[in-house]
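Numbering (the working numbering), first residue to last: 15 to 154.
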């Protein structure tokens, strides 16, 4: 399970933990790692590309096409996941879409990889979660 804070680093250069994110991307593309995310992940990542002042319009279009090709496996919203995500969002003060990453990881019984400290903190005691900074230590 991976969230947009990790995948966005595949496309937005100069960010903290860029090398770790590149290692995740490489492992995903070479089938060494399975990545799953809620179906809204590409929209969040595309928005981060759009907001990046260092990405020109033509390059942004190319990056979005690449995003579509290499996105993690996407899982749609079910009633159960929606209910759990809403409950978690309200309890932990997360946005609904951030809570959906944590809730989906729990539904699928898989760990969540994030670069978002707030999300990491909210997931404690709920689902196994690792910060992107530790990816090399986990996978290597």
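Virtual Cβ for every residue (Gly too), placed ideally from N, Cα, C. Note that the structure is predicted; figures quoted are calculated from it, not measured.
Between the alpha carbons of residue 91 and residue 57 lies a distance of about 14 Å. If only uninterrupted beta strand (DSSP E) runs of at least 3 residues are considered, those enclosed by the region 50-96 are 50-52 and 87-89. Excluding five sequence positions before and after residue 129, the CB atoms of its chain that fall closer than 6 Å to its own CB belong to 19, 20, 31 and 146, given in chain order. With the rule of 3 Cβ pairs closer than 8 Å, the region 65-78 does not count as touching the region 88-106.
Assignment of residue 122 by DSSP, reduced to helix, strand and coil, places it in the coil class. Annotation: the continuous beta strand (DSSP E) that includes residue 144 extends over 143-145. Of all alpha-carbon atoms in 135, 142, 131 and 35, the one lying nearest the alpha-carbon of residue 119 is that of 142. Around residue 87, the same chain offers 48, 49, 50 and 51 as residues with beta carbons nearer than 8 Å, after the five sequence neighbours per side are excluded.
The Cβ neighbour count for residue 112, taken over all protein chains shown within 10 Å, is at least 16; the residue is labelled buried.
Counting only residues of its own chain and dropping the five nearest sequence neighbours on each side, residue 105 has no CB closer than 7 Å to any other CB. By the neighbour-count criterion, in which 16 or more other beta carbons inside 10 Å mark a residue as buried, residue 17 falls on the buried side. Around the beta carbon of residue 71, fewer than 16 other beta carbons lie within 10 angstroms, which makes this residue exposed.
The beta-carbon distance between residue 114 and residue 95, rounded to whole angstroms, is 7 Å. This is short enough to meet the 8 Å contact definition.
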